[in-house]
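Asks: There's a structure below that I have some questions on.
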């Protein structure tokens with residue numbers, strides 16, 4: 122049996138994604154994970170078999186983010202290789218029950234990474250395409266129960282038939298499309314039991330949608346073309362009006378085409394929405410397909426092919442992958458396409474946090490308590506929300522006003538502070554257990570402890586003749602922690618840093634609960650005001666700031 126995925130709906134490949142959830146859909150950004158390169162497409166699958174959805178991101182290379190099961194992800198496992206990857210798809214290509222990944226590259230090929238079942242992958246194998254590939258999807262185009270690849274390599278829509286062992290045959294190039302192709306979706310649009318392809322593209326002032334009906338042997342018929350009002354960025358398919366015929370939605374902007382069931386469509390109906398990709402899922406569990414796009418935005422479906430106005434949520438990402446990332450039975454959204462980041466937005470139902478993103482406490486002195494930061498929790502439902510517990514982890518402390526319940530439409534607050542005894546980066550979580558869901562909801566916390574202080578904050582050398590040297594002045598670097606801190610150097614910066622030579626007894630290590638001295642002189646190489654700054658370079662101990670250096674050079 123062909124295995125295309127378990128519980129995720131990946132952007133343009135989402136045909137129908139029904140996940141049980143209550144009759145509301147509130148998306149809240151809960152996790153932002155950095156990528157090594159610019160994040161392009163993302164897919165969600167369980168790559169290590171632990172029952173938690175993971176992410177695979179095309180970010181110039183390939184990055185795998187293993188899921189923690191609470192909507193957050195571990196640091197990426199990066200697979201750097203020769204060619205820039207921008208599109209990605211996942212399936213079991215060799216029938217071993219482990220999810221594999223395929224990405225496009227810029228050497229007229231697609232690259233297949235076979236999975237080991239533990240979240241790692243074997244070395245990639247390349248399979249050539251006729252032209253430069255810009256998009257890849259998966260499906261069984263010849264009904265042999267083996268996964269095939271659909272590749273857009275403009276001007277072609279090509280099929281690479283799978284051999285069932287992770288290898289693929291030479292591309293079958295299907296008809297030239299009259300526009301530059303951008304994206305595609307796969308479904309049976311004419312009820313003949315054979316997979317078809319809908320592709321979108323543009324050239325000059327023309328934007329078109331083309332349907333390539335499948336022959337069932339890997340070849341596709343010449344496209345049936347319809348114009349679209351938007352410059353197409355992505356396309357997705359689903360039965361929006363429950364008539365048994367597959368419909369299509371095109372983005373940027375948003376245009377919906379209801380299907381006749383023969384591969385043709387009704388005229389486009391347009392909806393106001395931000396730019397980006399579009400995905401299809403039942404976000405509020407009412408049995409009607411909804412639309413989710415980059416930003417993040419959401420249009421709830423009415424079940425008759427029409428949609429409610431777009432609701433915008435703070436978030437990120439152009440491409441979307443949809444899946445249950447925290448195991449609460451509701452579909453969540455992972456967005457990529459922002460520079461160097463993948464953002465996860467959880468479907469929290471009636472609970473709204475503000476701020477909903479990561480809460481940060483930069484550069485806090487060890488053994489001191491930061492000022493508070495406040496998180497507001499709002500119950501947007503129609504009945505009281507029972508609060509079972511609000512817990513916090515890591516070097517963070519919290520108090521809250523929520524009590525045991527929050528009335529419908531009401532809010533409460535939690536105050537968070539940060540205190541640590543060690544320098545460096547620290548992470549934690551606010552974890553909320555409530556009656557809205559059986560799973561906890563989390564907000565990530567981040568703090569940076571610094572063990573070093575500088576005194577005084579500035580040194581002023583007054584007037585010194587050009588070519589002469591001032592009397593020395595000193596500042597002290599103090600380590601407030603009980604652990605030694607490595608100091609690799611005293612860094613010098615500012616416009617005239619070369620005018621302030623220094624010596625010190627801080628390198629290479631400053632013992633715990635001790636201090637060292639930096640001696641600075643002023644030797645102006647020009648006249649007028651001269652400015653610089655000095656600071657200890659202490660990897661892992663956080664930057665404590667700098668000491669300002671000023672003086673005036675005279676003739």
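Residue numbers (the working numbering): 122 to 676. All residues carry an ideal CB built from backbone N, CA and C; glycine is no exception.
Closest to residue 540 by CA distance: which of 562, 494, 556 is it?
Replies: Taking the first residue of the chain shown as position 1, residue 540 is located at position 419. Closest by alpha carbon: 494.
Asks: Which class does residue 137 belong to by DSSP, given the choice of helix, strand or coil?
Replies: Numbered from its first residue, the chain shown carries residue 137 at position 16. In this prediction, residue 137 scores a pLDDT of 31, lower than 50, which makes its location untrustworthy; the coordinate-derived value is nonetheless stated afterwards. Note: residue 137 maps to coil in three-state DSSP.
Asks: Kindly indicate which three-state DSSP category residue 677 falls into: helix, strand or coil?
Replies: The structure shown has nothing for residue 677, since the chain only spans 122 to 676.
Asks: Beta-carbon within less than 8 angstroms of residue 634's beta-carbon, same chain only, minus the 5 sequence neighbours each way: which residues are those?
Replies: The residue labelled residue 634 in the question sits at position 513 within the chain shown. Excluding positions up to five away in sequence, the list reads 600, 601, 602, 603.
Asks: Write down every uninterrupted run of the beta strand (DSSP E) in the region 603-670 whose length is 3 residues or greater and which is fully enclosed by it, in chain order.
Replies: Listed in chain order, the complete beta strand (DSSP E) runs (minimum 3 residues) inside the region 603-670 are 610-614, 623-625, 635-641, 649-658.
Asks: Helix, strand or coil for residue 281, going by three-state DSSP, please let me know.
Replies: In the chain shown, counting from the first residue as 1, residue 281 sits at position 160. Strand.
Asks: Can you tell me whether residue 660 is buried or exposed? The criterion is at least 16 other CB atoms within 10 Å of its CB, across all chains shown.
Replies: Start at 1 with the first residue of the chain shown, and residue 660 comes out as number 539. With fewer than 16 other Cβ atoms within 10 Å, it is exposed.
Asks: Span of the beta strand (DSSP E) holding residue 228?
Replies: Along the chain shown, one-based indexing puts residue 228 at 107. No beta strand (DSSP E) contains residue 228, which DSSP labels as neither H nor E.
Asks: Rounding to the nearest angstrom, what Cα-Cα distance links residue 346 and residue 329 in this structure?
Replies: Working through the chain shown from its first residue, we reach residue 346 at position 225. Working through the chain shown from its first residue, we reach residue 329 at position 208. About 7 angstroms.
Asks: Could you tell me the distance, in whole angstroms, from the CA atom of residue 524 to the CA atom of residue 496?
Replies: By 1-based counting over the chain shown, the position of residue 524 is 403. By 1-based counting over the chain shown, the position of residue 496 is 375. Roughly 15 angstroms separates the two Cα atoms.
Asks: Which whole-angstrom value describes the C-beta separation of residue 547 and residue 516, a residue pair presumed to lie in contact below a C-beta threshold of 8 angstroms?
Replies: In the chain shown, residue 547 corresponds to position 426, counting from 1. In the chain shown, residue 516 corresponds to position 395, counting from 1. The Cβ separation is near 5 angstroms, so the contact holds.
Asks: What did DSSP end up calling residue 587 once you bin it into helix, strand or coil?
Replies: As a working mapping, residue 587 is identified with position 466 in the chain shown. Residue 587 falls in the coil class under three-state DSSP.
Asks: Report the option in 457, 373, 489, 205 whose CA atom is closest to the CA atom of residue 700.
Replies: The displayed coordinates of the chain run from 122 to 676. Any statement about residue 700 would go beyond what the structure contains.
Asks: Please confirm whether residue 274 and residue 250 have their CB atoms less than 9 angstroms apart.
Replies: Along the chain shown, read from residue 1 onward, the residue named residue 274 stands at position 153. Along the chain shown, read from residue 1 onward, the residue named residue 250 stands at position 129. Yes, these two residues count as a Cβ contact at 9 angstroms.
Asks: For residue 520, which of helix, strand or coil comes out of DSSP?
Replies: For the purposes of this step, residue 520 is taken as residue 399 along the chain shown, with counting starting at 1. Three-state DSSP puts residue 520 in a strand.
Asks: Rounded C-beta distance between residue 655 and residue 641? I'm assuming under 8 angstroms.
Replies: Residue mapping note: residue 655 aligns to position 534 of the chain shown, counting from 1. Residue mapping note: residue 641 aligns to position 520 of the chain shown, counting from 1. Indeed, because the Cβ distance is near 6 angstroms, the residues count as touching under 8 angstroms.
Asks: What are the residues that DSSP puts in a beta bridge with residue 507?
Replies: Taking the first residue of the chain shown as 1, we reach residue 507 at position 386. According to DSSP, residue 507 bridges with 526.
Asks: Does the beta-carbon of residue 466 have 16 or more other beta-carbons within 10 angstroms, so that it is buried, or is it exposed?
Replies: Locating residue 466 in the chain shown gives position 345, where the first residue counts as 1. So residue 466 counts as buried.
Asks: Can you give me the C-alpha to C-alpha distance between residue 609 and residue 591, rounded to a whole angstrom?
Replies: By one-based count along the chain shown, residue 609 stands at place 488. By one-based count along the chain shown, residue 591 stands at place 470. So the two alpha carbons sit approximately 26 angstroms from each other.
Asks: Mapping the DSSP letters down to three states, classify residue 482 as helix, strand or coil.
Replies: As a position in the chain shown, residue 482 is number 361, starting the count at 1. Three-state DSSP puts residue 482 in a strand.
Asks: Could you tell me the distance, in whole angstroms, from the CA atom of residue 68 to the CA atom of residue 612?
Replies: With the chain running from 122 to 676 in the structure shown, residue 68 is simply not present.
Asks: To the nearest angstrom, report how far apart residue 186 and residue 176 are at their CA atoms.
Replies: As a working note, residue 186 is residue 65 in the chain shown. As a working note, residue 176 is residue 55 in the chain shown. Rounded to whole angstroms, residue 186 to residue 176 spans 5 angstroms at the Cα level.
Asks: For residue 657, is the classification buried or exposed, using 16 other Cβ atoms within 10 angstroms of its Cβ as the cut-off for buried?
Replies: The count along the chain shown starts at 1 and reaches residue 657 at position 536. Buried.
Asks: Helix, strand or coil, according to DSSP, for residue 402 in the structure here?
Replies: Translated into the one-based positions of the chain shown, residue 402 becomes position 281. Strand.
Asks: For residue 188, count neighbouring C-beta atoms within 10 Å of its own C-beta (all shown protein chains included) and say buried if the count is 16 or more, exposed if not.
Replies: Within the chain shown, residue 188 is the residue found at index 67, counting from 1. The residue in question, residue 188, is buried, as its Cβ has 16 or more Cβ neighbours within 10 Å.
Asks: Under 8 angstroms, with one C-beta from each stretch per pair, do the region 282-289 and the region 304-317 reach the 3-pair mark?
Replies: Touching, no, given that fewer than three Cβ pairs across the two stretches are closer than 8 angstroms.
Asks: Buried or exposed: residue 244, going by 16 or more other Cβ atoms within 10 Å of its Cβ?
Replies: Residue 244 sits at position 123 when you count from the first residue of the chain shown. Flag for residue 244 reads exposed.
Asks: Using three-state DSSP, classify residue 246 as helix, strand or coil.
Replies: On the chain shown, residue 246 is found 125 positions in, with the first residue counted as 1. Three-state DSSP puts residue 246 in a strand.
Asks: May I have a chain-ordered list of the beta strand (DSSP E) segments no shorter than 3 residues that lie completely inside the region 317-347?
Replies: Qualifying beta strand (DSSP E) stretches, in chain order: 317-324, 327-333.
Asks: Along the beta strand (DSSP E) that carries residue 420, what are the first and last residues, could you check?
Replies: Your numbering for residue 420 matches position 299 in the chain shown. Element bounds for residue 420: 418-420.
Asks: Do residue 193 and the ligand HEM come close, with the Cβ less than 8 angstroms from some heavy atom?
Replies: In terms of ligand content, the structure shown is empty, and the ligand HEM therefore cannot be addressed.
Asks: Would you say residue 94 and residue 422 are within 9 angstroms of each other, going by their C-beta atoms?
Replies: No answer is possible for residue 94: the residues shown for the chain start at 122 and end at 676.
Asks: Taking Cβ to Cβ, would you say residue 169 is nearer than 9 angstroms to residue 239?
Replies: Walking along the chain shown from the start, residue 169 turns up at place 48. Walking along the chain shown from the start, residue 239 turns up at place 118. Taking 9 angstroms as the Cβ cut-off, residue 169 and residue 239 qualify as a contacting pair.
Asks: Can you tell me the Cβ-Cβ gap for residue 511 and residue 519, rounded? I've got them flagged as a contact below 8 angstroms.
Replies: The sequence position of residue 511 within the chain shown is 390, counting from 1. The sequence position of residue 519 within the chain shown is 398, counting from 1. With 8 angstroms as the limit, residue 511 and residue 519 qualify as a contact, their Cβ atoms being about 7 angstroms apart.
Asks: With H, G and I counted as helix, E and B as strand and the rest as coil, what does DSSP make of residue 673?
Replies: Taking the chain shown and counting its residues from 1, the one referred to as residue 673 is at position 552. Residue 673: strand per DSSP, three-state reduction.
Asks: Residue 191 by DSSP, collapsed to three states: which one?
Replies: Taking the chain shown and counting its residues from 1, the one referred to as residue 191 is at position 70. The answer is coil: DSSP assigns residue 191 none of H, G, I, E or B.
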